[in-house]
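Our numbering numbers the first residue of the sequence shown as 14 and each following residue consecutively.
Glycine included, every Cβ here is placed at the ideal spot set by N, Cα and C.
On a predicted model such as this, the values are computed, not experimentally measured, just so you know.
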Amino acid sequence: MIKKCLIISDGPVPTPEHQKVEGGGLRCWGLAKGIAANQEDIEVTVAYNEVHIQQPHTERFEGISIATWNKDSIQELVKDYDSIIVSYCMGDLSMIVVEALVPDQQLILDCYVPIYIEMSARKSSDLRGEYEAFQFELRRWDHVLRRGDLFLCANNAQKDFYEGVLSAVGKINPVTYGDELIKVVPYGIYREKPVAKTKPVDELLHNKKALKVLWFGGIYPWFDLEKLIAAIGLVSKTTPCELTVVGAKNPFNTHPDFIKKYENLVSFIDRGSYGNIIHMVDWVDFKDRADWYLDSDIVLVVNEEGPENKLAWRTRLVDFVWADLPILTNGGDPLGEMLLNANAAIRLNGLSTESIAHSIQQLGKDKTKAMDLKKNVQLLRGSLFWDIVAQPVVDAIRSSVKSKDRSFAAEFTIPQPNLNRLSTIKTKLRKIPRFYKKHGARATYLTIKTKLIDKAKSYVGATEKRAPKIIVVSHQLDLSGAPYVLMDIVSQILKIPELAKKLEFRTFTPISKYNISLLNHMSIKPKVYLDKNIGFKFVKGDIVIINTLSHSSVFIDSVLSALENKTLSKVLWYAHEATPEKFLTALEGHRISKLLAKGSLVLYGTAEDCMRHYRKFFKTDRGIEMMPYRFDLDLKRFRTLKEKEFDNLRFVLPGTVGDGRKGQTPVLYAFIDFYNNFYKKDPSKYRDFLLTFVGIENDFISEQIIRSGEGSLGAHFKYFPKVDRERNFDITEEANITLCYSLQEALPLYIYEGMAMGHPIIRNESSGMEEQLIDGKNGFAVSSDDYDGLVDTIEKILNKEKVSNKQLAGMSEVSKTIALKATRNTYNKIIKELQ
């Protein structure tokens, strides 16, 4: 009887039209080749995401059928197969596949990427965001693993690891105990020997006699190439030596931390003047990789010690075995240790620059040793051929092995502690005073009310029966600009009675009493939620309005899913961030792109720079519209400052300090630099000055700012905690220069507020500069990459000889005019979509 097996990949596989392929696609193709080898009783199909289709599309290649999938078609695709092989950690794809299977289908989950550890090892610059994403994905991984019949891992260390994981998720249980659920199926190699067609490394060399060292593959957070590059520089001082780095930038991975790793490496090479001995090459075609391998003398793999390395089965290292390359590695990973123990690789003496350099020199000189390494590598190759390593999968497909706990499996609620009702109530009541102290009486009341209403609905039933609503969701209701803009949009919607009656406002903590009072004044009673990591249930016909991209992955998924299944009729998303790639995953970006194309989602940007970023990230112009927010300020506060009001300069920079985004730290140090190196040396040349920060909090960065500011600037430095909008206006009125040195902005509201009050501005290139600054006319432009330039600009504006009071008064008039123009902006585009 013929068995039909479907292997599902997210990325493309190496067919003739697809030669730039990443590890996941290569793994799927290797498994397909291994299963299909001489197996007439198993028909194998590999399916990849249709977004990668190129024409002409190959439907069958090397005995393997090729299909494509999208989220709408995958459920229909899987129903025709006896066995499905898919990774457990591919987000929506894995979840959809699991839910689509019928009881007689076999699910084989590929676990060769220990994602629990790999995601933890990324060293993200945004730990809070990474933790949030991890917790969201964790639930999905666990859910998918519970449904698996057989689990594939890459080595014995992974097998031990996954026994723990499967125990934790309940897959190893009284029914399955003793069954061999996990099979070791590593990434393998092809029987066809590599053949070189060209000598690409030779073509790059500056010195044709140089020792050719190769790094092949991406540079992820757990790989450190800076010491390797420095080592090449050290070797080249005595021995001609050049390093070729192939594929450092993975075109399939758009995670900002991975991109930053690549950018930092390029900067390191430029700073060190390594250009003549380091050659950076883009991701090369799969069929051409042998050319690079066979034109190299030594290949290096430098691992970072830690849990990730102990579990990893390095795809690149397996491929080096295929090519019989002399390998230098520090090991620590299972395959690396296997090669080292078989004298098929050389262990680096250490990971210092000097140690790496010494190892390269030694192996480069010892041609006999290099030949011995190649011979020993050849002895290991036979155990790694794809048709050999895939045999356990072949056996499982033939026997249709399925997990014994299927008939017992069900969704169980997690049992609560055995407390009586009175104890439970007491436990919850103890939390209220702390919340009250932090958020105030009104916010506490609204939060408790929201929880009680939602609890009551859950007793009635999961499906909410009501008329469609316009649901406005704010990521929080603190004193930042994004919630205020959203409330301003709400105030405009309320002017239209047929829309006003449908409106519901939802938000998450933290919240401010000031904003609650503003909403109450509009007769809005917001629903307040404590946990950002929740999704909402919607009814057919709901419309959702969202502010910012900075929502949790769980919430975003609930909105996108409801839009994809046509529960929501429309989503209007008013983004306040210029760089979507820092807030959205690649998958979220792809889902949003499709919804933009369908017209069910509209994304609004506040500034021209934002629009450029959005169109590039989402790869479309459709559904992305420019809508600068309405600058709403009492006209009584608008003013033009006179010349005498610039006898001294009072700088203000409001904004949250804790995440470092607003740039208070470099601004402070620039003022200290100016004060020590210019002002103190000749005070008569300069205006007196005061630097004021608004938004100082109880965190270490704030404490450092206070100590440095008071200690170094004394009476020239002043600070305030977070304040409400009216108090912030008063503080801004006392100043006469507004500063912006943010890493991330999108037409910042506080800049307009300062401009309205007649402030010339000092502003960096963050989004909105084109709309707010005319360099030299209403202020001065500075660059985030040029700290010295910031110091020079501070010196310039305070220097009475370089910038006169008359010039500053002229800038004041221009600033006010630009701000006044922004008050005429409207939200008509959103209103039109709602009607």
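If you reduce the DSSP assignment to three classes, tell me which class Q785 lands in.
Of the three classes helix, strand and coil, the one that applies to Q785 here is helix, per DSSP.
On the premise that P641 lies in contact with L760, defined as a C-beta separation below 8 Å, what is that separation, rounded to the nearest angstrom?
6 Å
Of all the options C102, E276, D295, L762, which has the alpha carbon lying nearest to the alpha carbon of V259?
D295
Return yes when the Cβ of K538 is within less than 7 Å of the Cβ of F521, no when it is not.
Contact flag unset, no.
Return the residue from the list R625, I637, K583 that minimises the CA-CA distance to S606.
I637
Assuming D622 and E783 form a contact by the criterion Cβ under 8 Å, report the distance between their Cβ atoms to the nearest whole angstrom.
7 Å
Contiguous alpha helix (DSSP H) assignments of at least 4 residues, all confined to the region 357-382:
366-378
Using CA atoms only, rank isn't needed, just tell me which of L681, H589, K579, L726 is closest to D85.
Out of L681, H589, K579, L726, K579 has the C-alpha closest to the C-alpha of D85.
To which residues does DSSP link D555 through a beta bridge?
L581
Would you call P339 buried or exposed, if buried means 16 or more other Cβ atoms sit within 10 Å of its Cβ?
buried
Consult DSSP for C254 and reduce its assignment to one of helix, strand or coil.
strand
Between A835 and Y765, is the Cβ-Cβ spacing less than 7 Å?
yes
Please name the residue or residues paired with I340 in a DSSP beta bridge.
V312
Going by the CB atoms, is the gap between N389 and D346 shorter than 7 Å?
Cβ atoms of D346 and N389: not closer than 7 Å.
Hey, out of R327, K206, L364, V34, whose CA is closest to K262's CA?
Checking every option, the nearest Cα to that of K262 belongs to V34.
Tell me the residue span of the beta strand (DSSP E) that contains Y61.
55-62
Integer-rounded CB distance, given that R153 should sit under 8 Å from V182
V182 to R153, Cβ: 12 Å. No contact.
Would G618 pass as a contact of V670 if the rule is Cβ separation under 7 Å?
No.
How would you label I685, buried or exposed, when you count the other beta carbons within 10 angstroms and need 16 or more for buried?
buried
Is the region 801-809 in contact with the region 686-701, if contact means three or more CB pairs nearer than 8 Å?
yes
Length at least 4, wholly inside the region 617-646: the alpha helix (DSSP H) runs in chain order
Whole alpha helix (DSSP H) segments, 4+ residues: 621-631.
Looking at the ligand ADP, does it come within less than 6 Å of E321, judged from the CB to the closest heavy atom?
For the structure depicted, the ligand ADP is absent and the ligand set is empty, with no information on it obtainable.
Would H772 pass as a contact of I750 if the rule is Cβ separation under 7 Å?
Yes.
Nearest-angstrom Cα distance between V572 and I558?
10 Å
Roughly how many whole angstroms lie between the Cα atoms of S613 and D283?
45 Å
Straight-line gap, P354 to L330 (C-alpha atoms, nearest Å)
Correcting the residue type first, residue 354 is Asn in the shown sequence and not Pro. Their backbone Cα atoms lie some 15 Å apart in a straight line.
Is the CB-CB distance between F518 and S563 below 7 Å?
no
Where does A423 land, buried or exposed, given buried means 16+ other C-beta within 10 angstroms?
With a pLDDT of 44 at A423, under the threshold of 50, the modelled position of that residue is not reliable, and the figure given next carries that caveat. A423 is exposed by the Cβ-count criterion.
To which residues of the same chain is L256 closer than 8 Å at the C-beta, ignoring the five residues directly before and after it?
Excluding residues within five positions, the ones whose Cβ falls inside 8 Å are V226, L227, W228, L241, I242, I245, I290, I291, H292.
In chain order, what residues of the same chain lie with their CB nearer than 6 Å to the CB of A325, ignoring the 5 residues before and after it?
The beta carbon of A325 sits closer than 6 Å to the beta carbons of D346 from its chain, once the five residues preceding and following it are set aside; these are given in chain order.
Would you mind stating whether G344 and R360 have Cβ atoms separated by less than 7 Å?
Yes, these two residues count as a Cβ contact at 7 Å.
Cβ distance (whole Å) where A209 is taken to contact A303 below 8 Å
Contact annotation, A209 with A303: C-beta distance approximately 6 Å; criterion of less than 8 Å satisfied.
Between the region 715-729 and the region 643-660, can you find at least three pairs of beta-carbon atoms closer than 8 Å?
no
Close beta carbons around N362, own chain, < 7 Å, minus the five adjacent residues each side
S368, H371, S372
Please classify Y94: is it buried, with 16 or more other beta-carbons within 10 angstroms of its beta-carbon, or exposed?
buried
Would you list, in sequence order, the uninterrupted beta strand (DSSP E) runs of no fewer than 3 residues that lie entirely inside the region 652-693?
Counting only unbroken stretches of 3 or more residues, the beta strand (DSSP E) elements lying wholly within the region 652-693 are 661-667, in sequence order.
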